[in-house]
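Residue numbers (this note's numbering): 1 to 736. The beta carbon of each residue, even a glycine, is placed where N, CA and C say it ideally should be. If you're wondering where the values come from, they're calculated on a predicted model, not measured in any experiment. First up is the structure itself, then whatever we jot down about it.
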Amino acid sequence: MTEVEIEKENAAIAKAYKELLKVSYQTLTTEDKKLIRHAFDVAVEAHNGQRRKSGEAYIFHPIAVAKIVAQEIGLDATSIAAALLHDVVEDNENYTKEDIERMFGDTVARIVDGLTKISSLSKETDVSTQAENFRKMLLTLNDDVRVIIIKIADRLHNMQTMDSMRTDKQEKIASETLYIYAPLAHRIGLYNIKTELEDLGLKYTEPEVYHDILHKIKESKEEQDAYIKAFSKVVVDALDNEGLNYEIKGRPKSIFSIRRKMIKQGVSFEEVYDKFAVRIIYKSDLANEKFLAWKIYSIVTDHFTPNPTRLRDWISSPKSTGYEALHITVMGPKGRWVEVQIRSERMNEIAEKGYAAHYKYKHGNAEDALDTWIDKLQEALESNETNAVDFVEQFKLNLYSKEIYVFSPKGDLKSLPKGASPLDFAFSIHTEVGMKTRGAKVNGKLVPLSQELKSGDQVEILTSENAKPNANWLDYATTARARSKIKSSLREEKKRIGEDGKEILRRKLKQLKIHLDEKTINDMVVYFKLKTSLDLFYRVGVGTIDNTMLKEFAASRSNALMSFIKNKITRRQNISKEELDREEVTSKYDMLVFGKEEEKLDYKLASCCNPIPGDPVFGFLTINEGIKVHKKNCPNALSLQSNYAYRIMLAKWIDSSQQEFSAIITLSGIDNIGLVNDITRIISSNMHVNMKSLSFDSDDGIFSGKINVIVKNNSMLKKLIDNLKKINGIDKVSRV
Ligand code: MN
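Listed below in structure tokens is the structure:
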């Protein structure tokens, strides 16, 4: 840089600094100005020689942040000084927290330290890390809420000056802004800043969408102005007659909120009808402002019909953020609904600056007022942490990401991917909890484990020692963690059953005079069309290969010709020893079922993608050809699913030998103590039976019961019935 350039830059810095003092919302005392000057000098020194990506001197950034803090948010001198110093410790190793404390005292040092800590939070972009950062940031509120407010100002300025950054970095920062900073700004009542953060967030995450809407807003500006004129014309005389001093403005909705409406209502830009609100801002003294608000309400609704369900009175009971206004939606000119916001000048200032303005009006002393505001905010955030559901509701986190937030019974916050079920929640608490899940309550009500959780749900997992994962769980669990735990448990279970099954097989074959050796195992695997020895042992273990089938196998072996052929096949396939001991779960997909009830229906495989057994698929109900089955990643899938969602059927391949069915058993007998206990013990100790429901009745010493069980096959059911018959006092057991 030439000397002239340096001089020019220094002049620009001095100018920016003067501007900062000039725009401060709060009146600055001589002491305040001294503090700010000192902070400015230290910041200039510390950032000397540093430049931003854009090439401009770094010091412009802290000045700009301080300006947002002073002007737009309206904070005090302490905050302005801290904003000037916010990157000093982070960016210059010659300055420590202690140095700041020595020069500026406790409060400034504490705020700067909080800001430095936030900056050092993990820069990872995955949602769970972001959520963790979010939580940590909220914790700093316990130190000083100004930390977060200055951080929001810092983020706003970074978003405003991101153009010279790499695209991937822009996207990363923008998505974090939408995820964390915009909701925070909203909660703190900084509506203007929140809106700007959202619009900038959209600009960098979906640039095309952003520019498209921006362009259309500019194009429709004239029409909008004309509309507001038409609206004003109707009420202006009446308002003037009442001697009111007011201003009517049209406020366009933000790009981000128009975008949200387009998505939510599935409409185009042109079809979003409330793209702006009409705002009436009136002058009033404190004593009359409520009365005047309702007077204006009365005048507006004399001319336009109000929608009674859309009346919001935030004057009588202001929002927790301090927002005050009267909102109505009326049927405006051209038969269009239009929102009318009625605010006094004071209310308008509060809406723009939050409590800083609120307390300016209430008390004379700004410093006191600010402390009260901070206390109040902290209180709100803390109490929100105890009332967990409101907390999420207010932060509206689910609006900003594909993540949902749910709560444990104690109110601990857990973030899960959208679509997660109670099972995912259970496994996210602890593997042991997941493994022992018996059922779940959501917001106090029992729900199926397959239920999709929503943000704000409070989830309680019911566990039982006897509960264990079953194959269906893989249909409900969406998180990688839960799925891998369930799979490994199923694998263990299969192995265990397989070990038992091997012994059972050895015994049964002995009765058939067949010795269980490698060759026999190979023969059987081929005969039963299985893949591994474990498949064979497992099926014997659970009983899907029963005595009759084993006898058939034995008979086939004694047939010489058959034996010859089998041997040939066996030799060709020659299953190695290693393969026999393989533990892997191999699934044999041989049946396609539809819907939640897993019905067997007629179907055809689509020729566009030719699904094969095991592929993830869905059914599509055609008009002439019944159900057509497509792969989930079929090129036609997306258009079918978006255009004909109602004709899509869930479909999946299953292993028919693993299919379960439910059966109802009735029993009767003489009622005695412990009978019910005996029954439930037998059912729950039988490892292949799941009890769905049971009911017992007792009448004059005669007992009757009904049990709904889920079993894999008939032989298991028979075994269960036999065992139940053995119970002392039981007289009759039968299947309905
Ligand atoms: Mn910064």
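Run through DSSP, which three-state label would residue i get?
{"i": "residue 733", "result": "strand"}
{"i": "residue 344", "result": "strand"}
{"i": "residue 288", "result": "helix"}
{"i": "residue 649", "result": "strand"}
{"i": "residue 61", "result": "helix"}
{"i": "residue 327", "result": "strand"}
{"i": "residue 413", "result": "strand"}
{"i": "residue 202", "result": "helix"}
{"i": "residue 4", "result": "helix"}
{"i": "residue 279", "result": "strand"}
{"i": "residue 445", "result": "strand"}
{"i": "residue 629", "result": "strand"}
{"i": "residue 644", "result": "coil"}
{"i": "residue 335", "result": "helix"}
{"i": "residue 420", "result": "coil"}
{"i": "residue 591", "result": "strand"}
{"i": "residue 698", "result": "strand"}
{"i": "residue 267", "result": "coil"}
{"i": "residue 252", "result": "strand"}
{"i": "residue 313", "result": "strand"}
{"i": "residue 747", "result": "Limits of the chain in this structure are 1 at one end and 736 at the other, which puts residue 747 out of reach."}
{"i": "residue 453", "result": "coil"}
{"i": "residue 690", "result": "strand"}
Is the beta carbon of residue j closer than 8 Å to that of residue i?
{"i": "residue 737", "j": "residue 421", "result": "Since the first residue shown for the chain is 1 and the last is 736, residue 737 is missing from the structure and cannot be characterised."}
{"i": "residue 592", "j": "residue 663", "result": "no"}
{"i": "residue 268", "j": "residue 262", "result": "yes"}
{"i": "residue 325", "j": "residue 342", "result": "yes"}
{"i": "residue 117", "j": "residue 109", "result": "no"}
{"i": "residue 589", "j": "residue 655", "result": "yes"}
{"i": "residue 471", "j": "residue 446", "result": "no"}
{"i": "residue 732", "j": "residue 668", "result": "yes"}
{"i": "residue 304", "j": "residue 330", "result": "yes"}
{"i": "residue 69", "j": "residue 193", "result": "no"}
{"i": "residue 494", "j": "residue 534", "result": "yes"}
{"i": "residue 651", "j": "residue 614", "result": "no"}
{"i": "residue 710", "j": "residue 692", "result": "yes"}
{"i": "residue 436", "j": "residue 467", "result": "yes"}
{"i": "residue 147", "j": "residue 111", "result": "yes"}
Should residue i be counted as a contact of the ligand MN given a C-beta to heavy atom distance under 7 Å?
{"i": "residue 44", "result": "no"}
{"i": "residue 113", "result": "no"}
{"i": "residue 65", "result": "yes"}
{"i": "residue 86", "result": "yes"}
{"i": "residue 154", "result": "yes"}
{"i": "residue 61", "result": "yes"}
Rounded to the nearest angstrom, how far is the Cβ of residue i from that of residue j, given a contact under 8 Å?
{"i": "residue 272", "j": "residue 340", "result": "That pair is no contact at about 18 Å."}
{"i": "residue 154", "j": "residue 86", "result": "6 Å"}
{"i": "residue 689", "j": "residue 683", "result": "6 Å"}
{"i": "residue 63", "j": "residue 20", "result": "6 Å"}
{"i": "residue 252", "j": "residue 231", "result": "Not quite, the Cβ-Cβ distance comes to about 14 Å (not below 8 Å), so this is no contact."}
{"i": "residue 42", "j": "residue 88", "result": "7 Å"}
{"i": "residue 351", "j": "residue 323", "result": "6 Å"}
Measuring only the C-alpha atoms, how far is residue i from residue j?
{"i": "residue 721", "j": "residue 633", "result": "45 Å"}
{"i": "residue 539", "j": "residue 660", "result": "14 Å"}
{"i": "residue 7", "j": "residue 405", "result": "53 Å"}
{"i": "residue 29", "j": "residue 74", "result": "15 Å"}
{"i": "residue 113", "j": "residue 189", "result": "24 Å"}
{"i": "residue 314", "j": "residue 239", "result": "22 Å"}
{"i": "residue 627", "j": "residue 653", "result": "15 Å"}
{"i": "residue 161", "j": "residue 242", "result": "47 Å"}
{"i": "residue 32", "j": "residue 78", "result": "8 Å"}
{"i": "residue 609", "j": "residue 629", "result": "9 Å"}
{"i": "residue 453", "j": "residue 332", "result": "40 Å"}
{"i": "residue 203", "j": "residue 235", "result": "37 Å"}
{"i": "residue 462", "j": "residue 443", "result": "13 Å"}
{"i": "residue 81", "j": "residue 430", "result": "46 Å"}
{"i": "residue 38", "j": "residue 103", "result": "9 Å"}
{"i": "residue 179", "j": "residue 549", "result": "60 Å"}
{"i": "residue 49", "j": "residue 205", "result": "32 Å"}
{"i": "residue 258", "j": "residue 708", "result": "52 Å"}
{"i": "residue 459", "j": "residue 158", "result": "38 Å"}
Does at least one heavy atom of the ligand ATP sit under 7 Å from the Cβ of residue i?
{"i": "residue 199", "result": "Because the ligand ATP does not appear in the structure shown, any question about it cannot be addressed here, the ligands present being the ligand MN."}
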